[in-house]
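See structure below.
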Amino acid sequence: MHSERASLSLRLAAWGGLLFLHFPILIILLYAFNTEDSAFSFPPRGFTLKWFAVAFSRPDVLEAIKLSLQVACLATLIALVLGTLASAALYKRNFFGKESISLMLILPIALPGIITGLALLSAFKSLGIEPGIFSIVVGHATFCVVIVYNNVIARLRRTSQSLIEASMDLGADGWQTFRYIILPNLGSALLAGGMLAFALSFDEIIVTTFTAGHERTLPIWLLNQLSRPRDVPVTNVVAMLVMLVTMLPILGAYYLTRGGEGVAGSGK
1 MHSERASLSL RLAAWGGLLF LHFPILIILL YAFNTEDSAF SFPPRGFTLK WFAVAFSRPD
61 VLEAIKLSLQ VACLATLIAL VLGTLASAAL YKRNFFGKES ISLMLILPIA LPGIITGLAL
121 LSAFKSLGIE PGIFSIVVGH ATFCVVIVYN NVIARLRRTS QSLIEASMDL GADGWQTFRY
181 IILPNLGSAL LAGGMLAFAL SFDEIIVTTF TAGHERTLPI WLLNQLSRPR DVPVTNVVAM
241 LVMLVTMLPI LGAYYLTRGG EGVAGSGK
């Protein structure tokens, strides 16, 4: 009789793969609480929360966190609007060039980040736009749109057309149908797409490097800290913060969209 449970060797291999992938992250988490300020003192000498207080008392850390949050929120807002509009325009009707438009929407996240960054830098220079917060937000929005678009168009394709037709037959106009029928069905898809876009924008570094100019987001701050070994404990604390800020939205989006039709289907 065939068993649906995986064999012991397969389960051990799976756990071994997870340990291999997450071991470096566990090291960073461990050293964020180390009492020693040495980067290579192993095993850790003790447990302390001192470096958290040091990290959050530094103005450069707080400014980098503030800038990253500001950029991520603006990029997510732009992505929600443009991604929803694009998915609404493409999910139902067929027309000439539809596949090409879909490919162009998905292309920014499929291309290597260095290509996207170079292209954006060249475009901004040709338009006379100086690198700054505006260029960072635009750069992040180019790939965040894809995340929202994929989530929303998948939900629209599962939405029952009979609900929309019934709304129109009962006298609702386009806005009322969107507000009371389509938008409630898109709620969790928009939330999941927004959370994923926020997480992707918050820890983006490659595109940001080309578009930031003199601005320093949190990932760029971390990159600059690699040349300062005396600040390793503070760097570990900030790295743990970045991991938590990006991990929690991803987990939330996963729980919002899991379960197939039960969650991502035609129901609210």
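In the UniProt record's numbering, the protein residues as written are 1 to 268.
Yeah, the Cβ is synthetic: ideal placement off N, Cα and C, and Gly gets one too.
- Message: Checking 8 Å against the spacing of the C-beta atoms, do V148 and T84 come in under that value?
- Response: yes
- Task: Using 10 angstroms around the beta-carbon of G171, count the other beta-carbons present and answer buried if the total reaches 16, otherwise exposed.
- Result: exposed
- Could you check if N34 is buried or exposed, using at least 16 other CB atoms within 10 Å of its CB as the buried criterion? buried
- What residue does the alpha helix (DSSP H) around R108 start on, and which one ends it? Rather than Arg, the amino acid found at residue 108 in this sequence is Pro. Start and end: 98 to 110.
- Query: Considering only residues of the same chain and omitting the five flanking positions on each side of I109, which have a CB-CB separation below 7 Å?
  - Reply: F143, V146
- Item | Collapsed DSSP secondary structure at E215 in the structure displayed | coil
- Pick out the complete alpha helix (DSSP H) segments inside the segment 39 to 90, 4 residues or longer, and give them in chain order. 50 to 55, 59 to 90
- Note down, in chain order, each residue of its chain lying with its Cβ closer than 7 Å to the Cβ of A239, except the 5 sequence neighbours on either side. I28, L222
- Task: Since I believe I133 is in contact with V71 (beta carbons under 8 Å), could you give me their beta-carbon distance rounded to a whole number of angstroms?
- Result: 7 Å
- Task: Pull up the distance between the alpha-carbon of L8 and that of L26, whole angstroms please.
- Result: 25 Å
- Within this structure, are the beta carbons of R155 and A199 separated by less than 8 Å? no
- Message: I want to know whether the segment 202 to 209 touches the segment 108 to 125 - three or more CB-CB distances under 8 Å.
- Response: yes
- Output the distance between the C-alpha atoms of L18 and C73, rounded to the nearest integer angstrom. 31 Å
- Out of N150, A141, F23, M243, which has the shortest C-alpha to C-alpha gap to A88? N150
- Message: Buried or exposed for W175, going by 16 or more other Cβ atoms inside 10 Å?
- Response: exposed
- What three-state label does DSSP hand N185 in the structure shown? helix
- Query: What's the gap between the Cα of F202 and the Cα of I136?
  - Reply: 11 Å
- Task: Report buried or exposed for A197, applying the criterion of at least 16 other Cβ atoms within 10 angstroms of its Cβ.
- Result: buried
- Message: Within the continuous alpha helix (DSSP H) that includes S135, where are the two ends?
- Response: 133 to 158
- Message: Between the segment 50 to 66 and the segment 157 to 172, can you find at least three pairs of beta-carbon atoms closer than 8 Å?
- Response: no
- Message: I'd like to confirm the pairing. Which residues does DSSP put opposite N34 in its beta bridges?
- Response: F47
- Task: Enumerate in chain order the residues of its own chain whose CB-to-CB distance from Y254 is below 6 Å, with the five nearest sequence positions on each side excluded.
- Result: none
- Task: Kindly indicate which residue of P249, V245, I250, L251 has the alpha-carbon position closest to the one of S68.
- Result: V245
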